[in-house]
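Only one structure is covered here, and it is reproduced in the block below.
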Amino acid sequence: MAIFDGEISKLESALDRSSKVQDVISHNIANANTPGFVAMKFDDVLGKAVERMDNPKVNLEQELAALSENGLAYSSYTKMLITKLNTLRTVVKMGKS
Amino acid sequence: MGLNQAFDISVSAIEANRLALEAINSNIANISTTRSIDGGPYHRRFVVFEEQPLRFDQLLQSAQNKLETNAGGVHAKMTQDDIAPFEKVYNPGHPDADPSGYVTMPNVNLAKEMVDLVEKSKLYEANITAFNATKKMVTDTLSIQ
């Protein structure tokens, strides 16, 4: 039975991606006033930050919105992980009694 | 963990903006200073922001102590304005007046400083918001059990 299916590792990589996105957003906000700085975005294929060519100037409102969105996504991943672990815990306890 | 890097990035920007605010405070305080440490009128100070490159591969290298940590963010350097012209004010009674009665005043423009002050304090706040968002993420991580 697939109790330990790939779900936990999928959530783990989602959390990892989210924390890298957080780095990129923090970096953009940090450099909002740096001359010549080109705003960055996280590239899922390359797994790293790349320069954003469509909108090179940092848009502070956009970045702050992305910041909240990323925070909420991170929260939901942790909640899903907690739920998954609780399910497993229940299964383990049922086997005990 | 990746989130520590996000903290460092936000902290570097908070520091940089604080330095910029210090420069503005110094400019406003010295708006009429005709005797600076170097002699002559006070030169307007400002901060130059410099991007610290953000690279994910450096995380591994810094963990191996091969490279100093250079993980994104911004670096600020205080510098002074030597190009903007000084304003000459006619005030013959002033001890620093030249033979024709003009006093050379600092190259500080109060309106510009006030605009900069608002801009930098808003950026300071934006970076604190980013820091708090990262803090919330770490708290969420700690709730996994």
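Sequence order for the protein chains is A and B.
Everything in the first sequence is counted per our numbering, starting at 915 for the first residue and increasing by one.
Everything in the second sequence is counted per our numbering, starting at 2 for the first residue and increasing by one.
C-beta atoms are modelled at their ideal positions from N, C-alpha and C, and glycine is treated no differently.
Note that this is a predicted model, so its numbers are computed, not measured.
Suppose contacts are defined by Cβ-Cβ distances below 8 Å. Is residue i in contact with residue j by that definition?
i	j	result
B:S37	B:H44	yes
B:A21	B:A77	yes
B:F50	B:A17	yes
B:N28	B:V109	yes
B:N106	B:E126	Here residue 106 of chain B turns out to be Met, not Asn, going by the sequence shown. Not a contact, by the Cβ cut-off of 8 Å.
B:I10	A:A944	yes
A:K971	A:A953	yes
A:N984	A:S923	no
A:D937	B:L55	yes
A:F956	A:A946	no
Straight-line CA distance for residue i to residue j?
i	j	result
B:Q53	A:S982	24 Å
B:S101	B:R19	41 Å
B:A134	A:F951	23 Å
B:D141	A:A979	19 Å
B:Y103	B:N5	56 Å
B:N26	B:P96	26 Å
A:K1007	A:T1001	10 Å
B:N92	B:P86	18 Å
A:S927	B:V119	40 Å
B:S122	B:F47	15 Å
B:F57	B:D99	58 Å
B:I15	A:N973	18 Å
A:H941	A:D958	17 Å
A:S989	B:Q81	45 Å
B:G94	B:T35	14 Å
B:Q146	B:G73	31 Å
A:L999	A:Y991	12 Å
A:T948	B:L111	22 Å
B:S144	B:F132	19 Å
A:T997	B:E114	53 Å
In the DSSP assignment, what residue or residues form a beta bridge with residue i?
i	result
B:Q81	B:R46
A:G956	According to the sequence displayed, residue 956 of chain A carries Phe and not Gly. Answer is A:A963.
A:E926	A:E926 pairs with nothing; no bridge assigned.
B:E52	B:V75
Is the Cβ of residue i closer than 8 Å to any Cβ of chain C?
i	result
B:A30	Protein chains in the displayed structure are A and B, and chain C is not among them.
With 8 Å set as the bound, which would you pick, yes or no: does the beta-carbon of residue i sit closer than that to a beta-carbon of chain B?
i	result
A:M954	yes
A:L974	yes
A:F951	yes
A:V938	yes
A:K1007	no
A:A1013	Shown here, chain A extends from 915 to 1011; a query on residue 1013 of chain A therefore has no answer.
A:A963	yes
A:K924	no
A:G880	Only positions 915 to 1011 of chain A appear in the structure, and residue 880 of chain A is not among them; the question remains open.
Looking at the secondary structure, which residues open and close the alpha helix (DSSP H) in which residue i lies?
i	result
B:T130	111-143
Tell me the residue span of the beta strand (DSSP E) that contains residue i.
i	result
B:V90	88-91
B:V104	103-106
Does the CB of residue i have a neighbour CB from chain A at under 8 Å?
i	result
B:K89	no
B:V185	Residue 185 of chain B is absent from the model: chain B starts at 2 and stops at 146.
B:D141	yes
B:A112	no
B:F47	no
B:T130	yes
B:S13	yes
B:T80	no
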